[in-house]
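Asker: Offset between the sequence shown (1-based) and our numbering: plus 128. Every residue gets a Cβ at the ideal spot worked out from N, C-alpha and C, and that includes glycine.
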Amino acid sequence: PMLTLLTDNEAQSYINQQLQYLSFFSDFAVSMEKMGRIRVLTGTAGQIRRHCAFSN
């Protein structure tokens with residue numbers, strides 16, 4: 129949940145690092161490249177989750 133970003137020490141450390149060193153932009157670019165390599169599942173190969181946090 130969003131609250132974790134505000135209360136978790138590890139998350140806060142990561143956020144502070146991103147803000148301090150402006151590495152957000154390069155990290156974001158790497159993440160977008162990784163997401164671009166995710167193959168789309170079609171037909172019966174995938175599933176639509178009723179609730180994102182849980183498998184059906």
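In terms of residues, what are the limits of the alpha helix (DSSP H) holding residue 171?
Answerer: No alpha helix (DSSP H) holds residue 171; DSSP gives it neither H nor E.
Asker: What is the rounded straight-line gap between the Cα of residue 158 and the Cα of residue 168?
Answerer: Cα to Cα, the separation comes out at about 19 Å.
Asker: Check this for me: beta carbons of residue 145 and residue 152, under 7 Å apart or not?
Answerer: In this structure, residue 152 does not lie closer than 7 Å to residue 145 by Cβ.
Asker: Which residue wins for smallest C-alpha separation from residue 164, given the options 141, 170 and 156?
Answerer: Checking every option, the nearest Cα to that of residue 164 belongs to 156.
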